[in-house]
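Participant:
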Amino acid sequence: MRFITVKRDIRFGGLCLPVLFLLIGCSITTSKSITPKKNHGSWEPIEKTDVIFQRNEDLKIVGDNLRGIGLKNIRKDLLKAYWFMIRQKTNTSDLLKIENLPDSKIEEIQQIVNTVNLHSDVTLTDKRILGNEYPKGFFFRTPDHVNMSYEDWEKENGRLGGVFVKAMAEEISTKDVSRTLTYLNRFAVENPEQLVVLHFNGRSRDPNWNTSKYSAGHWLYNPGCFLEQGISSNDTILKVSDTSVFRLNIGLRNAKKKDDIVLVPIDKNGEKIWERAEQVTLVGIGDGYIKVARGQYGTKPLSFEKGKTYVAPHATSGPWGSPKDNNLLWYYNLSSTCPKDLDGKQCADILVEEIGFWFENDGIAFALDGIQFDISPWTLKKVTSGKRKVDLDLDGIADDGYLDGKNVFGMGVYSFYKNLRKTLGNTKLILGDGGVDYSMRAIGVANGMEAEGFCQPNNSFREFSKPLSLFRYWNKYAITPSFSYITNKDKNGSEKDQKDRERMVLAAAQCLGVSFNSVIGTPSDSGFKRGIVDELVKGEENEEYWLGKPLGPTIYDGASLNKKNVLDFKGVKINSVDCQFKIKNNELIVFSHANVADKNMKVVLKDVNFSKGDVVIDFKAKSKEPLVGFESLVPRQLVVSTDAMINKDDTAPSILNYINSVDELACSFYFREVGQRGDLEIEIEGGGEVVIKDFKITNRQLAMAREFENGVVLVNASLKPYTFDLVKLFPGSRFKRLKGTKLQNIDINNGEEVDRTVTTEGLSGLFLIKI
Numbered sequence: 001m002r003f004i005t006v007k008r009d010i011r012f013g014g015l016c017l018p019v020l021f022l023l024i025g026c027s028i029t030t031s032k033s034i035t036p037k038k039n040h041g042s043w044e045p046i047e048k049t050d051v052i053f054q055r056n057e058d059l060k061i062v063g064d065n066l067r068g069i070g071l072k073n074i075r076k077d078l079l080k081a082y083w084f085m086i087r088q089k090t091n092t093s094d095l096l097k098i099e100n101l102p103d104s105k106i107e108e109i110q111q112i113v114n115t116v117n118l119h120s121d122v123t124l125t126d127k128r129i130l131g132n133e134y135p136k137g138f139f140f141r142t143p144d145h146v147n148m149s150y151e152d153w154e155k156e157n158g159r160l161g162g163v164f165v166k167a168m169a170e171e172i173s174t175k176d177v178s179r180t181l182t183y184l185n186r187f188a189v190e191n192p193e194q195l196v197v198l199h200f201n202g203r204s205r206d207p208n209w210n211t212s213k214y215s216a217g218h219w220l221y222n223p224g225c226f227l228e229q230g231i232s233s234n235d236t237i238l239k240v241s242d243t244s245v246f247r248l249n250i251g252l253r254n255a256k257k258k259d260d261i262v263l264v265p266i267d268k269n270g271e272k273i274w275e276r277a278e279q280v281t282l283v284g285i286g287d288g289y290i291k292v293a294r295g296q297y298g299t300k301p302l303s304f305e306k307g308k309t310y311v312a313p314h315a316t317s318g319p320w321g322s323p324k325d326n327n328l329l330w331y332y333n334l335s336s337t338c339p340k341d342l343d344g345k346q347c348a349d350i351l352v353e354e355i356g357f358w359f360e361n362d363g364i365a366f367a368l369d370g371i372q373f374d375i376s377p378w379t380l381k382k383v384t385s386g387k388r389k390v391d392l393d394l395d396g397i398a399d400d401g402y403l404d405g406k407n408v409f410g411m412g413v414y415s416f417y418k419n420l421r422k423t424l425g426n427t428k429l430i431l432g433d434g435g436v437d438y439s440m441r442a443i444g445v446a447n448g449m450e451a452e453g454f455c456q457p458n459n460s461f462r463e464f465s466k467p468l469s470l471f472r473y474w475n476k477y478a479i480t481p482s483f484s485y486i487t488n489k490d491k492n493g494s495e496k497d498q499k500d501r502e503r504m505v506l507a508a509a510q511c512l513g514v515s516f517n518s519v520i521g522t523p524s525d526s527g528f529k530r531g532i533v534d535e536l537v538k539g540e541e542n543e544e545y546w547l548g549k550p551l552g553p554t555i556y557d558g559a560s561l562n563k564k565n566v567l568d569f570k571g572v573k574i575n576s577v578d579c580q581f582k583i584k585n586n587e588l589i590v591f592s593h594a595n596v597a598d599k600n601m602k603v604v605l606k607d608v609n610f611s612k613g614d615v616v617i618d619f620k621a622k623s624k625e626p627l628v629g630f631e632s633l634v635p636r637q638l639v640v641s642t643d644a645m646i647n648k649d650d651t652a653p654s655i656l657n658y659i660n661s662v663d664e665l666a667c668s669f670y671f672r673e674v675g676q677r678g679d680l681e682i683e684i685e686g687g688g689e690v691v692i693k694d695f696k697i698t699n700r701q702l703a704m705a706r707e708f709e710n711g712v713v714l715v716n717a718s719l720k721p722y723t724f725d726l727v728k729l730f731p732g733s734r735f736k737r738l739k740g741t742k743l744q745n746i747d748i749n750n751g752e753e754v755d756r757t758v759t760t761e762g763l764s765g766l767f768l769i770k771i
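Residue numbering for the sequence shown follows the numbering used here, beginning at 1 and increasing consecutively.
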């Protein structure tokens with residue numbers, strides 16, 4: 001059979017280069033990859049990526065050549081994938097030297113085509129980790145490290161249900177994007193049963209990474225000031241109205257970075273002219289002036305007028321990598337009020353287009369299953385670098401992203417998720433960081449949430465009932481296929497304490513029906529760089545999904561055995577803040593006359609009798625209307641706090657749950673070691689009306705259990721040992737412990753049969769096998 005080569009001229013960012021295409025590839029190597037610029041004939045580079053893009057006409061030649069050597073089942077929409085995989089799997093340098101392909105080579109390429117077709121036919125619902133078998137685990141961020149051969153990387157990271165990888169350079173400038181994307185796409189094609197997801201910062205990016213399409217108005221800024229003396233394009237000393245808004249020596253890891261600053265002219269109507277803005281970097285601060293480096297980040301030094309130029313520091317975070325090699329990251333302005341560029345596009349529009357291109361059939365992430373937005377804020381209440389708040393409307397006053405009583409930033413983020421869903425369709429996962437109070441709540445659009453840390457990034461137990469509420473909410477309302485997960489990051493205390501809590505979080509994940517990963521190192525005795533927690537793979541038996549399917553919902557042990565004291569609201573003194581309340585049929589109805597998002601409603605139940613010890617507070621709640629500006633399934637936060645805590649290190653004094661205006665939802669709040677009496681505050685996000693009923697206070701430890709086809713999991717979320725009666729919980733079944741691997745806890749996982757009862761230590765979990 002003939003091997004066809006075609007000589008073409010292709011423009012790379014305006015530079016015309018002759019390129020000799022192989023059967024489906026390119027014989028040159030460049031330091032930058034090429035991405036198609038939509039609606040234009042030219043191409044532009046993406047930094048450090050050689051996952052080459054082919055233009056449509058070039059891919060047509062690829063298809064013709066493949067069919068020309070007798071290959072079958074060639075699909076027009078998969079030509080990029082064929083090209084990519086053949087380039088990975090065959091020795092292209094040898095192919096250059098011959099004119100005819102032997103049958104063995106044609107058979108090899110046909111097998112590659114078949115593999116690509118199989119991957120394309122697999123849907124999200126075919127991914128085992130998205131099914132109903134447990135436990136579910138995957139490798140999170142450790143596959144970022146690609147400083148090894150692909151074969152070694154695949155062997156290391158193909159042992160669980162998938163990989164979540166930071167592949168782009170939006171945070172780390174030294175990221176080997178080319179190798180990472182190459183490994184991910186190949187792994188996805190060759191392992192279609194695995195879930196392969198791009199991990200991407202949803203809040204900010206390095207301004208040196210692919211920002212040319214973004215306008216200066218597409219970023220968020222902290223409160224700024226005005227230029228008090230006109231400057232030419234050569235001036236570096238700027239006289240300003242308030243030097244206190246600027247910062248030197250900021251950033252994580254003692255980075256000692258300096259503010260990036262925007263200079264933007266203002267027209268006669270008071271509107272900012274973003275297309276004439278200049279980016280500068282702070283050098284020093286004096287008495288009434290600042291010194292800057294002009295014309296930064298691709299902008300040119302310009303002249304600016306006194307009193308008609310706004311000077312504002314960028315809202316930033318990071319740097320996340322080495323301060324020497326990495327920059328402060330600029331916050332996206334994803335708000336619904338974001339200024340539009342000359343093409344009428346807001347920041348969210350550009351970001352949706354950019355991500356959409358990645359996942360197209362000829363995109364750099366063509367084979368991946370979706371995207372997970374790390375740090376995906378819903379509000380702007382968290383401080384930025386230099387301990388400052390965001391000024392969304394640039395009026396010089398921090399506003400947290402709320403304007404005219406609406407969370408316009410959250411509204412814009414919700415629209416961003418909706419538009420991204422329209423672009424990607426339902427064949428890709430969209431996930432977001434949702435475990436903290438300012439995180440995204442794109443219910444009805446996203447497939448699920450990440451909890452980065454079970455309760456907080458560095459804590460797995462203080463707010464234990466918060467993630468129970470959040471994950472239950474996402475499981476109930478997320479779109480299909482639903483997928484949420486926990487990243488355990490609790491490295492506090494001794495190694496034993498860390499591993500006990502890791503086991504507790506892993507067991508809780510099974511009770512919640514979510515997936516799990518952990519950044520806590522696990523030793524390996526089998527030649528791998530990283531071990532796998534025994535409970536994920538049945539210890540020595542090394543069996544994924546060994547628990548099988550759940551046989552019922554989670555059992556909250558002791559909840560039905562302890563007396564539940566139904567609180568009589570009329571017998572309690574209640575104070576209110578920014579709202580009113582009334583009691584009807586022992587229902588507490590909290591309301592305000594204005595349904596605004598920037599003012600919460602609070603009621604305080606005074607001097608409540610808890611009875612000393614661990615306390616669980618349960619009630620049902622429903623709002624009359626959605627949060628202003630949002631659809632009915634977008635959750636409203638409800639936070640319960642108490643001043644009765646004996647030790648605030650053991651339990652957070654305030655715990656969050658989700659409610660909505662669609663269903664009457666059960667809320668639960670677990671406080672360890674409270675005193676006899678104390679105040680109880682209920683804070684409800686926004687205004688409107690919320691009804692609270694069936695308010696119960698129970699003195700008990702929080703313990704959970706869940707039965708599966710092949711075993712059970714037990715969770716003790718209290719500080720003290722807890723004894724589970726297995727006969728009462730699971731009548732007719734007998735159990736034994738796992739047989740652990742030698743470098744893990746073989747005292748707990750000793751392979752022995754257990755008695756009628758089993759006791760777990762505080763803040764721990766246990767997995768048992770049915771026998």
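Using N, Cα and C, we set each Cβ at its ideal position, and we do this for glycine too.
Taking C-alpha atoms, which residue in Lys136, His145, Met168 lies nearest to Gly162?
Facilitator: Measuring from the Cα of Gly162, the nearest candidate turns out to be Lys136.
Participant: How many Å lie between Met704 and Gln510 at the Cα?
Facilitator: Between Met704 and Gln510, the C-alpha separation is close to 10 Å.
Participant: What span of residues does the beta strand (DSSP E) with Val674 cover, start to end?
Facilitator: 665-674 is the span of the beta strand (DSSP E), which, as asked, contains Val674.
Participant: Within the segment 396-479, note down every full alpha helix (DSSP H) run reaching 4 residues or more, in order along the chain.
Facilitator: Qualifying alpha helix (DSSP H) stretches, in chain order: 408-424, 465-477.
Participant: Look at the alpha carbon of Pro635 and the alpha carbon of Asn517, and state the distance between them as a whole number of angstroms.
Facilitator: Roughly 26 Å between the two C-alpha positions.
Participant: Would you mind sorting His593 into buried or exposed? The rule is 16 or more other CB atoms within 10 Å of its CB.
Facilitator: By the neighbour-count rule (16 or more Cβ atoms within 10 Å), His593 is not buried but exposed.
Participant: In the structure shown, what three-state DSSP assignment does Met504 receive?
Facilitator: Residue state, collapsed to three classes: helix.
Participant: Starting from the C-beta of Ser336, find all residues in its chain whose C-beta is less than 6 Å away, skip the five residues before and the five after it, and write them out in chain order.
Facilitator: Val408, Met411, Gly412.
Participant: Count the other CB atoms within 10 Å of the CB of Val116; is the residue buried (16 or more) or exposed (fewer)?
Facilitator: So Val116 counts as buried.
Participant: I need the straight-line Cα distance from Pro653 to Val616, nearest angstrom please.
Facilitator: Whole-angstrom Cα-Cα distance: 13 Å.
Participant: To the nearest angstrom, how far is the alpha carbon of Ser718 from that of Phe464?
Facilitator: Distance between the alpha carbons of Ser718 and Phe464 is about 9 Å.
Participant: Below 8 Å between beta carbons: does that hold for Gln372 and Glu450?
Facilitator: Yes, they are a contact pair.
Participant: From the DSSP output, in three-state form, read off Met168 for me.
Facilitator: Met168 falls in the coil class under three-state DSSP.
Participant: Could you give the distance in angstroms between the alpha-carbon of Tyr221 and the alpha-carbon of Ala315?
Facilitator: Their backbone Cα atoms lie some 5 Å apart in a straight line.
Participant: At what residues does the beta strand (DSSP E) containing Gln637 begin and finish?
Facilitator: Looking at the DSSP string, the run of the beta strand (DSSP E) that includes Gln637 is 636-642.
Participant: May I have the straight-line CA-CA distance separating Ile771 from Arg734, to the nearest angstrom?
Facilitator: Roughly 6 Å between the two C-alpha positions.
Participant: In angstroms with no decimal places, state the Cα-to-Cα distance between Gly202 and Thr384.
Facilitator: Going from the Cα of Gly202 to the Cα of Thr384 covers about 15 Å.
Participant: Could you tell me which of Gly217, Asp400, Ile355 sits nearest to Ala597, measuring between CA atoms?
Facilitator: Checking every option, the nearest Cα to that of Ala597 belongs to Asp400.
Participant: In the DSSP assignment, what are the bridge partners of Arg205?
Facilitator: Paired residue(s): Trp330.
Participant: Return the residue from the list Leu334, Ile266, Arg128, Asp362 that minimises the CA-CA distance to Thr379.
Facilitator: It is Leu334.
Participant: Check whether the Cβ atoms of Leu656 and Phe461 lie closer than 8 Å to each other.
Facilitator: Not in contact: Leu656 and Phe461 (Cβ atoms no closer than 8 Å).
Participant: In chain order, what residues of the same chain lie with their CB nearer than 8 Å to the CB of Arg75, ignoring the 5 residues before and after it?
Facilitator: Cβ neighbours of Arg75 beyond the five flanking positions: Asn117, Ser120.
Participant: Quick one, which of Val264, Thr281, Tyr414, Lys268 has its alpha-carbon nearest Glu275's?
Facilitator: Of Val264, Thr281, Tyr414, Lys268, the residue nearest in Cα terms is Val264.
Participant: Tell me whether the segment 197-214 and the segment 234-252 touch, counting them as touching only if at least three CB pairs, one residue from each stretch, are closer than 8 Å.
Facilitator: The segment 197-214 vs the segment 234-252: no contact.
Participant: Which runs of the alpha helix (DSSP H) fall wholly inside the segment 307-377 and span at least 4 residues, in chain order?
Facilitator: Qualifying alpha helix (DSSP H) stretches, in chain order: 347-358.
Participant: What ranges does the alpha helix (DSSP H) occupy inside the segment 216-275, keeping only unbroken runs of at least 4 residues that lie completely in it?
Facilitator: Whole alpha helix (DSSP H) segments, 4+ residues: zero.
Participant: When the distance is taken between beta carbons, is Ser244 closer than 8 Å to Lys226?
Facilitator: The displayed chain sequence assigns Phe, not Lys, to residue 226. Taking 8 Å as the Cβ cut-off, Phe226 and Ser244 do not qualify as a contacting pair.
Participant: Could you tell me if Gln744 is buried or exposed, where buried requires 16 or more neighbouring beta carbons within 10 angstroms of its beta carbon?
Facilitator: With 16 or more other Cβ atoms within 10 Å, it is buried.
Participant: Distance, Cα to Cα, Glu360 vs Leu512?
Facilitator: Cα to Cα, Glu360 sits roughly 34 Å from Leu512.
Participant: Residues in its own chain within less than 6 Å of Lys175 by CB, not counting five upstream and five downstream?
Facilitator: Hits under 6 Å: Ala169.
Participant: Note down, one range per segment and in chain order, each beta strand (DSSP E) of at least 3 residues found wholly within the segment 598-636.
Facilitator: Complete beta strand (DSSP E) runs here, min 3: 601-609, 613-623.
Participant: Give a yes or no on whether the C-beta atoms belonging to Ser173 and Asp206 are separated by under 8 Å.
Facilitator: Their beta carbons are under 8 Å apart, which means Ser173 touches Asp206 by this criterion.
Participant: Just tell me which of Ala188, Lys573, Ser668, Lys89 has its CA closest to the CA of Asp679.
Facilitator: Of the listed residues, the one whose Cα sits closest to Asp679 is Lys573.
Participant: Kindly indicate the opening and closing residues of the alpha helix (DSSP H) around Val113.
Facilitator: Val113 -> alpha helix (DSSP H) spans 103-121.
Participant: Judging by CA-CA distance, which residue of Tyr134, Glu193, Val519 is the nearest neighbour of Lys127?
Facilitator: The shortest Cα separation from Lys127 among Tyr134, Glu193, Val519 belongs to Glu193.
Participant: Ile831 bridges to which residues according to DSSP?
Facilitator: Only positions 1 to 771 of the chain appear in this structure, which leaves residue 831 out of reach.
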